[in-house]
Amino acid sequence: MKFATSTFTVLALTLAVVKAQVQIKIDATKYPALQGTPDVKHPQVQAWLKEIDLTGAPTFALRKGAPPECPAKPDPAECIWTCDGCAQEDITACGAANTWGVTFDDGPSIYTPPLLDFLKQNKVPATFFLIGGNVIQNPDIVKRELDEGHHLASHTWSHSALTTLTNEQIVAEMKWTEKAVQEATGVRLKYMRPPYGDINNRVRFVLKKLGYKVVDWTGDEFDTKDWQIGASVTAVDASGKSSSHVYTETEALNHFKTSLDQYAASAKTKGFYCLEHDIKEVEVNFAKKLIPMGQQHQSDAQPYQEGGVMPPSGNKGNNTNAGNGNGNGTNNGNTTNPTIVHNKNGTDTKSAGIKSAGGLSVVIAAAAVAAGAILA
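In mature numbering (1 follows the signal peptide of the UniProt record, and there is no 0), the protein residues as written are -20 to -1, 1 to 356.
Printed below as a string of structure tokens:
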């Protein structure tokens, strides 16, 4: 009997180890090529297009470039966020003062796990805006992000500038990414960030039909410039003379510290979202020097869309669970059952933050989750 018990114990332990080593696998052959905008003639894309009604979409000339250059005289009706600061209902700030929405774009990558280790150690939640092509290569990382309490959102399939794409191409970019994330995690995305921040009213129309809410970031001052570290940049002095140099981590840190100090000295009626990335090692190392030791965060109680499939054709793109944007670039938090994750009684508490020279205590917030209610 002892022998049998011992054998059973060893077998149980072996099975446990095997189970722990099971990895999520996504068949890449069932998805578009990792690079480039997906083909709109693909049967799956055609099926998605039949489920939404794009009638009435604004008409503007397709822009060019990555990112596209701004026109000499932007058309106010087009409302290009990166050109004239027009945000419409895009979320650009946390509604609660002293709140920092931590976000990372372009992953997942091989450098994301060390970042997740850091965030877990410091109890910092974040939002990851995912590239679909990277999701199918790293589904286990995406699942880990969700399991460890982070929020997942879309950054399109191929990181193409959306104002350069047709309506149908935008649908393909979004839906393939949505499908990949759902296969890896079981959740259907609800929030997105346009690559390069490139968005206009035509793109907004299509995204809204797909049930998405747009999360930008809080202006150039909270673009951390991590993507420029190690790259050659051109600066123009007061006399108009230009010169080039390699942008350093120190410059990026100083830029962000200045932004924090200016924020600390302001009226602080709202919080902010920063722009960071997790596609390069230098970006992840940089993030570890920026992120404060936040303890509390708020979230949208329902940060993903309802159901596992597109709504039936009789409900063409009308998402009933997308929160309530107030139209001025922030969100008033009137979502279904908004909660504060760590405080079940619905109250917030003070938590430790990083102190800037101005005495600012910044509380970490899971960003696009915030889109629905961090912004309360």
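C-beta: ideal position from N, C-alpha, C; glycine also.
Expected contact under 8 Å - CB spacing of residue i and residue j to nearest Å
i    : j    : result
N181 : P47  : Not a contact, Cβ separation roughly 18 Å.
V183 : L142 : 5 Å
R173 : A133 : 7 Å
S222 : T214 : 5 Å
E256 : F84  : 5 Å
C74  : G251 : 3 Å
L126 : T62  : Actually they are not in contact, since the Cβ atoms of L126 and T62 sit about 30 Å apart, beyond 8 Å.
N78  : I271 : Wrong, their Cβ atoms sit about 15 Å apart, outside the cutoff.
E128 : K100 : 6 Å
L187 : V195 : The pair is not a contact, with the Cβ atoms about 11 Å apart (cut-off 8 Å).
I4   : D120 : 5 Å
Nearest-angstrom Cα separation, counted from residue j out to residue i
i           : j    : result
F40         : E58  : 7 Å
C254        : A106 : 11 Å
T157        : L110 : 8 Å
T35         : G191 : 16 Å
T144        : L42  : 5 Å
L29         : V151 : 7 Å
K268        : K237 : 14 Å
D97         : V82  : 15 Å
G112        : I259 : 13 Å
K21         : P175 : 23 Å
C66         : I60  : 6 Å
C50         : Q24  : 34 Å
F185        : I179 : 10 Å
N118        : I90  : 8 Å
K170        : D70  : 13 Å
residue 358 : Q162 : Residue 358 cannot be examined here, being either before or after the span of the chain that is shown, -20 to 356.
A232        : V216 : 17 Å
P18         : K248 : 42 Å
H131        : W207 : 22 Å
S212        : E263 : 16 Å
V122        : L14  : 17 Å
G45         : P88  : 24 Å
A332        : V104 : Residue placement at A332 is flagged as unreliable, the pLDDT there being 30, under the threshold of 50; the coordinate-derived value follows with that caveat. So the two alpha carbons sit approximately 11 Å from each other.
A76         : G16  : 38 Å
Q68         : P56  : 11 Å
D203        : K155 : 27 Å
N265        : A27  : 42 Å
T198        : Q149 : 27 Å
residue 361 : K10  : Nothing can be reported for residue 361, as the shown portion of the chain is limited to -20 through 356.
T92         : D86  : 10 Å
P94         : R124 : 12 Å
Q285        : T72  : 21 Å
D7          : N114 : 13 Å
A244        : W80  : 12 Å
A52         : G177 : 19 Å
Element boundaries [beta strand (DSSP E), containing residue i]
i   : result
W80 : T79 to D85
Buried or exposed by the 16-neighbour rule on C-beta atoms within 10 Å, applied to residue i
i           : result
I209        : buried
E261        : exposed
N147        : buried
T136        : buried
K205        : buried
S138        : buried
residue 435 : The question about residue 435 has no answer, for the chain in this structure spans -20 to 356.
I116        : buried
N234        : exposed
H225        : exposed
P12         : buried
K189        : buried
Q242        : exposed
N- and C-terminal bounds of the alpha helix (DSSP H) containing residue i
i    : result
V213 : It is not in any alpha helix (DSSP H) - V213 instead sits in the beta strand (DSSP E) that spans S212 to V216.
V195 : Counting along the chain, V195 falls outside any alpha helix (DSSP H), and DSSP gives it neither H nor E.
S223 : Where S223 is concerned, there is no enclosing alpha helix (DSSP H), although the beta strand (DSSP E) it sits in stretches over S222 to V226.
K237 : E229 to A244
F266 : E261 to L270
Beta carbon proximity, residue i to chain E, threshold 7 Å
i    : result
F108 : Given the protein chain composition of this structure (a single chain), no chain E is represented.
Heavy atom of the ligand COA within 6 Å of residue i beta-carbon
i    : result
R184 : This structure does not include the ligand COA; it has no bound ligands of any sort.
Subject >> Runs of beta strand (DSSP E) wholly within the segment 96 to 132 (minimum 3 residues, chain order) >> reply: The qualifying runs are 107 to 110.
Subject >> Unbroken stretches of the beta strand (DSSP E), 3 residues or longer, contained in the segment 141 to 186 >> reply: For the segment 141 to 186, not a single whole beta strand (DSSP E) run of length 3 or above is found.
**OP:** At 4 residues or longer, and completely inside the segment 14 to 93: list those alpha helix (DSSP H) runs for me, N to C.
**Re:** Restricted to the segment 14 to 93, the alpha helix (DSSP H) segments that are unbroken, complete and at least 4 residues in length are 23 to 30 and 61 to 64, listed in chain order.
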